[in-house]
Every structure is written in C-alpha cells, then in structure tokens.
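My numbering numbers the first residue of the sequence shown as 9 and each following residue consecutively. All C-beta atoms in this analysis are idealised placements derived from N, C-alpha and C, irrespective of residue type, glycine included. Note that the structure is predicted; figures quoted are calculated from it, not measured. Reading through the structure tokens given below for one structure.
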Amino acid sequence: PITEEKIVDSLNIILNKDNYPFAIVCNIGRHQTGTLVGCLRKLQGWNLASIFDEYRRYAGPKVRLMNEQFIELFDTDLVNVPLDAPKW
C-alpha cells in the first residue's frame with residue numbers, strides 16, 4: 009500500500025536533478041504511479057480537478073477513490089523542495 013512516507017521519499021528523489029533522467033514505473037502503472045504523479049501535480053500547483061482528470065484517464069475503469077482521497081489530503085509541506093528544483 010502507498011504511504012505518505014513512500015510518497016515523500018519518492019518526491020524527494022524526483023525533485024533531485026542529480027537523479028535525472030529517470031522513469032516512474034510500477035507493475036501496471038496506474039494506481040501507485042498515478043497516486044505519486046497526482047501528488048507531484050499537487051506540489052506543482054495543479055488544481056484538484058485537473059489532477060483527478062489526469063489520474064482517471066490513466067486509471068481507466070479501475071479508478072480508486074481512496075487514491076484520489078490520498079492525493080487530496082496529501083500535505084505538500086512535508087516535501088523539501090530544493091532551491092534548484094526542476095522548473096516544470
């Protein structure tokens with residue numbers, strides 16, 4: 009299962025440009041990846057409607073409400089954004 013700690017650790021890896029290039033993958037690429045990317049989008053300042061739209065497009069008919077709730081409640085203040093973070 010996805011935990012806040014795993015998401016924060018993963019986002020810290022993503023935000024470190026020393027780790028580039030990289031790929032985000034999971035066994036199917038929907039739920040864990042979708043939740044991680046949703047939290048990244050939230051960190052990037054996307055609104056929830058856009059985040060959920062992207063998540064739903066990739067999750068297809070297997071959307072998990074608990075993942076959307078996780079994204080909505082995720083506290084982006086837990087992530088240490090480096091000064092030289094990517095400028096997406």
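State yes or no: is the beta carbon of residue i nearer than 8 Å to at least one beta carbon in chain B?
i	result
residue 26	The chain labelled as chain B is not found in the depicted structure, where only one protein chain is given.
By the three-class DSSP mapping on this structure, what secondary structure does residue i have?
i	result
residue 8	Because the chain here runs from 9 to 96, residue 8 falls outside it and cannot be looked at.
residue 95	coil
residue 83	coil
residue 9	coil
residue 78	helix
Cβ of residue i within 8 Å of Cβ of residue j?
i	j	result
residue 42	residue 20	no
residue 82	residue 10	no
Closest to residue i by C-alpha separation, out of the options, would be which residue?
i	options	result
residue 88	69, 16, 77 and 55	16
residue 95	31, 38, 33 and 48	48
Is it a yes or a no for the region 55 to 75 touching the region 21 to 31, going by three-plus beta-carbon pairs under 8 Å?
No contact exists between the region 55 to 75 and the region 21 to 31.
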